[in-house]
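Enquirer: Sharing a structure below in structure tokens format, with a few things to ask.
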Amino acid sequence: MTEMTGAQAIVEALKKEKVNHIFGISGGAVLPIYDVLYDAEMRNILARHEQCVGHMADGYARVSRCPGVCITTSGPGATNLVTGIANAYMDSSPVVAITGQVSRAAIGKDAFQEADIVGITTPITKYVTQVERTEDIPEAIGTAFYIATTGRPGPVLVDVPKDVQEHSTDIEFQDSISLRGYKPRDDPHPIQVKRAVDMLVQAEHPMILAGGGVIISNASHDLLKLAEFMTLPVATTLMGKGSIPENHPLSLGMVGMHGKVEANKLILEADVLLTVGARFSDRTTARVDGFCPDAQIIHIDIDSAEIGKNVKIDLPIVADAGKALRGIYKLIVKKVVKNEKSTWLSRIKQVRDHYTNEQEKDNQSITAPAIVRGLRALLPNNAVIATEVGQNQIWAALHFQSLEPRTFLSSGGLGTMGFGFPAALGAKVAKPDVPVVDIAGDGSFIMSEQELATSVIEEIPVIVVVLNNSMLGMVAQWQRFFYHRRYSGSMLRDSPDFVKLAEAYGAQGIRVGSLEEFSQAVKNGLTSEVTTVIDVPISPEENVYPMIPSGKTLKDMILGD
882 MTEMTGAQAI VEALKKEKVN HIFGISGGAV LPIYDVLYDA EMRNILARHE
932 QCVGHMADGY ARVSRCPGVC ITTSGPGATN LVTGIANAYM DSSPVVAITG
982 QVSRAAIGKD AFQEADIVGI TTPITKYVTQ VERTEDIPEA IGTAFYIATT
1032 GRPGPVLVDV PKDVQEHSTD IEFQDSISLR GYKPRDDPHP IQVKRAVDML
1082 VQAEHPMILA GGGVIISNAS HDLLKLAEFM TLPVATTLMG KGSIPENHPL
1132 SLGMVGMHGK VEANKLILEA DVLLTVGARF SDRTTARVDG FCPDAQIIHI
1182 DIDSAEIGKN VKIDLPIVAD AGKALRGIYK LIVKKVVKNE KSTWLSRIKQ
1232 VRDHYTNEQE KDNQSITAPA IVRGLRALLP NNAVIATEVG QNQIWAALHF
1282 QSLEPRTFLS SGGLGTMGFG FPAALGAKVA KPDVPVVDIA GDGSFIMSEQ
1332 ELATSVIEEI PVIVVVLNNS MLGMVAQWQR FFYHRRYSGS MLRDSPDFVK
1382 LAEAYGAQGI RVGSLEEFSQ AVKNGLTSEV TTVIDVPISP EENVYPMIPS
1432 GKTLKDMILG D
């Protein structure tokens, strides 16, 4: 045992978890922690808004394969963090949040900057606790990391009253954490694996739907081995983007409301659908009764609560995605000869050729798809792309080919505008030698542009590509389609000037008017020592296609004007 304060115990516990970076904003209720951090070797990145603290930790976690850590003060500091926590929860991202709290004697008395953050975040965390004794801090922090990173990952919040941080006592650190009642299961049942193999072998048109669980499990290699052996086409969810190289012949791209035509068409022709690490969200399935009505569905997921929640399942396998895929592959290679002449490849080519988007042939006009495809050509395979939410997100998902896992970061479940830029900063902290680009819309970027100060002061240079249509683009598109072009609350017009805004923070701002100028601006940004904001004016009338209206099925795609 060693005598130390609660604040010292928190920092020591973080050291034992090998934490090198913290994203946070100080305040009265965490001053003891920040005083200890002053002498600590771990780097504290001072953000400008607590919501962005959560997004930075989230982006760091997705890229680094390590939990992201964030710290905020009590009351408004903690409540500002709520959106970042909810975003991480929806996308199964391992974030450990530490919040300060008023002293124990003041709890429940409406003290200054008091908020019941435990009650507020209980529905949006995997686990939340308030530490009531200084000697309990090591166990609380260790438990937080263990729960956040095991089973289905997710955010955990530890709330620490200020007097618990200040109190000094003997502290003992445990070598391991064991929790009664929390035993995540990740090994697939062998009988279920055998049944899955039988279904796949007997199928005429089997297909894989890969979700974010494939990436979280680091199972992309296992997915590709099985797909290539059986010649299985692979569609992905938004969160599964990058689980298979999108230039691979078997890759169909994203499925769903704004999915690629070939993915939405061919998934309806599958007779067996092997779904791995996906939760069948409404954005993936569209209207549920029209989602693969003639297919038998195998669902692999580490979270048993997701099995059968949204879609009727024929064969459940509760397991880690990688372990289940390896189990299926090991059995299937004993049953069949490698499938070299599947009719699927010719069918994929037939669908792609029939539905080739004319826009993709246009290499001259400065449209959003052309900008996104041009960006892909300028970046290395391992470049990290973050997106905001709205039209920009879907253009990125459709037209930027992700070639490696953990290189495409987007807010999938919560759909959080303002996510992309702080997530990009977190990703850059995790991978300082890799180019990181945020594909943004003007509406989303405005919601977190203050983090330009963080990027400049903390020396975290990224590139922000603002697809600037002076509108809340996706809202405006729906208003064009379904509300008789009545643009209520969606016109941003031409404020701010993004070039001047970037320069005001000490960043680099460039406005482009052609694809050639855009290419040069990206090259400039890749060598810049400060963040580069590239303002790309596009037509406010430009729509995202394909699109499936609410209440419709995958077969009801709108393909163009």
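All the letters of the sequence shown, read from the start, carry residue numbers 882 to 1442 under my numbering. The C-beta atom is built at its ideal place from N, Cα and C for all residues, glycine as well. Nothing here was measured: the structure is a model prediction, and the numbers come from that model.
How far does the beta strand (DSSP E) with H1180 in it extend, from its first residue to its last?
Expert: As a working mapping, residue 1180 is identified with position 299 in the sequence shown. Q1177 to D1182 is the extent of the beta strand (DSSP E) around H1180.
Enquirer: Three Cβ pairs or more, each shorter than 8 Å: is that satisfied between the segment 1175–1192 and the segment 1143–1153?
Expert: The answer is yes - the segment 1143–1153 touches the segment 1175–1192, with three or more Cβ pairs under 8 Å.
Enquirer: Of the residues S1098, R1168 and V1217, which one's Cα is nearest the Cα of A1159?
Expert: Taking the sequence shown and counting its residues from 1, one reaches residue 1159 at position 278. Of the listed residues, the one whose Cα sits closest to A1159 is S1098.
Enquirer: Quick check: the Cα distance between P1430 and C1173, rounded to an integer number of angstroms?
Expert: As a working note, residue 1430 is residue 549 in the sequence shown. As a working note, residue 1173 is residue 292 in the sequence shown. Each residue's Cα considered, the two are about 18 Å apart.
Enquirer: Have a look at G1134 and C951 and give me their C-alpha separation to the nearest angstrom.
Expert: Residue mapping note: residue 1134 aligns to position 253 of the sequence shown, counting from 1. Residue mapping note: residue 951 aligns to position 70 of the sequence shown, counting from 1. If you take the alpha carbons of G1134 and C951, they lie about 33 Å apart.
Enquirer: Give a yes or no on whether the C-beta atoms belonging to G1390 and K1381 are separated by under 8 Å.
Expert: Taking the sequence shown and counting its residues from 1, the one referred to as residue 1390 is at position 509. Taking the sequence shown and counting its residues from 1, the one referred to as residue 1381 is at position 500. Yes, these two residues count as a Cβ contact at 8 Å.
Enquirer: Only counting the same chain, and skipping five residues up and downstream in sequence, which positions put a Cβ closer than 7 Å to that of R1374?
Expert: Numbered from 1 along the sequence shown, position 493 holds the residue referred to as residue 1374. Here the set comprises S1351.
Enquirer: Once the 5 residues before and after K1204 are set aside, which same chain residues still bring their CB inside 7 Å of it?
Expert: For this step, residue 1204 is matched to residue 323 along the sequence shown. Answer for K1204: D1067, D1068 and P1069, listed in chain order.
Enquirer: Specify the secondary structure class of S1185 as computed by DSSP and reduced to three states.
Expert: The residue you call residue 1185 lines up with position 304 of the sequence shown. If DSSP states are grouped into helix, strand and coil, S1185 belongs with the helices.
Enquirer: Within 8 Å, do at least three Cβ pairs link the segment 1318–1326 to the segment 1119–1139?
Expert: No, they do not touch.
Enquirer: Check whether the Cβ atoms of A978 and G935 sit closer than 8 Å, and answer yes or no.
Expert: Counting from 1 along the sequence shown, the entry for residue 978 is found at position 97. Counting from 1 along the sequence shown, the entry for residue 935 is found at position 54. It is a contact, given that the beta carbons lie within the stated cut-off.
Enquirer: Counting C-beta neighbours from all protein chains within 10 Å, is the total for Q1272 16 or more, i.e. buried, or is it exposed?
Expert: In the sequence shown, the residue the question calls residue 1272 occupies position 391. Label assigned to Q1272: buried.
Enquirer: Mapping DSSP to helix, strand and coil, what is G1035?
Expert: As a position in the sequence shown, residue 1035 is number 154, starting the count at 1. Of the three classes helix, strand and coil, the one that applies to G1035 here is coil, per DSSP.
Enquirer: Using beta-carbon positions only, say whether I1022 and M885 come within less than 8 Å of one another.
Expert: Taking the first residue of the sequence shown as 1, we reach residue 1022 at position 141. Taking the first residue of the sequence shown as 1, we reach residue 885 at position 4. The answer is no: Cβ separation not under 8 Å.
Enquirer: Using the three-state DSSP reduction, which class does E1384 fall into: helix, strand or coil?
Expert: Counting from 1 along the sequence shown, the entry for residue 1384 is found at position 503. Helix.
Enquirer: Please report the Cβ distance between K1436 and G1092, rounded to the nearest whole angstrom; I am assuming they are in contact, meaning their Cβ atoms lie under 8 Å.
Expert: The residue you call residue 1436 lines up with position 555 of the sequence shown. The residue you call residue 1092 lines up with position 211 of the sequence shown. Going by Cβ atoms, the distance from K1436 to G1092 rounds to 22 Å, so no, they are not a contact pair.
Enquirer: Going by beta carbon distance, what residues of the same chain come within less than 6 Å of A1100, once the five residues before and after it are set aside?
Expert: The sequence position of residue 1100 within the sequence shown is 219, counting from 1. Closer than 6 Å at the Cβ level, and outside the excluded window around A1100, lie A1202, G1203 and L1206.
Enquirer: Quick one: what's got a C-beta closer than 7 Å to Y1262's C-beta in the same chain, skipping five residues either side?
Expert: Taking the first residue of the sequence shown as position 1, residue 1262 is located at position 381. The amino acid occupying residue 1262 in the given sequence is Asn; Tyr does not appear at that position. Excluding residues within five positions, the ones whose Cβ falls inside 7 Å are L1284 and E1285.
Enquirer: Give me the residue from T1412, V1218 and G1140 with the minimum Cα distance to I1439.
Expert: Along the sequence shown, one-based indexing puts residue 1439 at 558. The candidate whose alpha carbon is nearest that of I1439 is G1140.
Enquirer: State the DSSP-derived secondary structure class of C933, mapped to helix, strand or coil.
Expert: By 1-based counting over the sequence shown, the position of residue 933 is 52. Helix, per DSSP.
Enquirer: Is there at least one Cβ from chain C nearer than 8 Å to A1205's Cβ?
Expert: You won't find chain C in this structure, because it holds only one protein chain.
Enquirer: Could you round the C-beta distance between V911 and G965 to whole angstroms and report it? I think they count as a contact, below 8 Å.
Expert: Within the sequence shown, residue 911 is the residue found at index 30, counting from 1. Within the sequence shown, residue 965 is the residue found at index 84, counting from 1. About 16 Å separates the two Cβ atoms, so there is no contact after all.
Enquirer: Classify Q1240 as helix, strand or coil using the three-state DSSP reduction.
Expert: One-based indexing of the sequence shown puts residue 1240 at position 359. No answer about Q1240 holds up, because its pLDDT of 44 lies below 50 and its placement is not dependable.
Enquirer: Quick check on L1060: buried or exposed, where buried means 16 or more other Cβ atoms within 10 Å of its Cβ?
Expert: Counting from 1 along the sequence shown, the entry for residue 1060 is found at position 179. So L1060 counts as exposed.
Enquirer: Taking its Cβ as the centre, do 16 or more other Cβ atoms sit within 10 Å of P1250, making it buried, or is it exposed?
Expert: Here residue 1250 refers to the residue found at position 369 of the sequence shown. Under this definition P1250 is a buried residue.
Enquirer: Is I1266 closer than 8 Å to T1288 when the C-beta atoms are compared?
Expert: The residue you call residue 1288 lines up with position 407 of the sequence shown. The residue you call residue 1266 lines up with position 385 of the sequence shown. Yes, the Cβ-Cβ distance between T1288 and I1266 is below 8 Å.
Enquirer: For T1467 versus A1388, is the C-beta spacing smaller than 8 Å?
Expert: Nothing in the structure corresponds to residue 1467, since the chain is present only between 882 and 1442.
Enquirer: What are the boundary residues of the alpha helix (DSSP H) that includes H1235?
Expert: Within the sequence shown, numbered from 1, the residue matching residue 1235 stands at position 354. Unbroken alpha helix (DSSP H) run through H1235: T1224 to H1235.
Enquirer: Do the CB positions of E1332 and L1348 come within less than 8 Å of each other?
Expert: Residue numbering aside, residue 1332 sits at position 451 when the sequence shown is read from its first letter. Residue numbering aside, residue 1348 sits at position 467 when the sequence shown is read from its first letter. Result no, Cβ atoms of E1332 and L1348 do not sit closer than 8 Å.
Enquirer: Mind checking whether the beta-carbon of A1100 lies closer than 7 Å to any heavy atom of the ligand SAH?
Expert: Although the ligand SAH was asked about, the structure shown includes no ligands whatsoever.
Enquirer: Residues bridged to C951 by DSSP?
Expert: Here residue 951 refers to the residue found at position 70 when the sequence shown is read from its first residue. BP columns for C951 point to F904 and A978.
Enquirer: Cα separation between K897 and Y1364?
Expert: Reading the sequence shown from its first residue, position 16 is the one you call residue 897. Reading the sequence shown from its first residue, position 483 is the one you call residue 1364. Near 56 Å, if we compare the C-alpha coordinates of Y1364 and K897.
Enquirer: What residues are listed by DSSP as bridge partners for T1268?
Expert: Residue numbering aside, residue 1268 sits at position 387 when the sequence shown is read from its first letter. T1268 is bridged to I1320.
Enquirer: Note down the Cα distance separating K1122 from E1013, rounded to an integer number of angstroms.
Expert: Translated into the one-based positions of the sequence shown, residue 1122 becomes position 241. Translated into the one-based positions of the sequence shown, residue 1013 becomes position 132. Each residue's Cα considered, the two are about 42 Å apart.
Enquirer: Are the Cβ atoms of T1335 and A938 separated by less than 8 Å?
Expert: Taking the sequence shown and counting its residues from 1, the one referred to as residue 1335 is at position 454. Taking the sequence shown and counting its residues from 1, the one referred to as residue 938 is at position 57. No. Outside cutoff.
Enquirer: Apply the 10 Å Cβ neighbour rule to M1372 and answer buried if 16 or more other Cβ atoms are within range, or exposed otherwise.
Expert: The sequence position of residue 1372 within the sequence shown is 491, counting from 1. Its Cβ having fewer than 16 others within 10 Å, M1372 is exposed.
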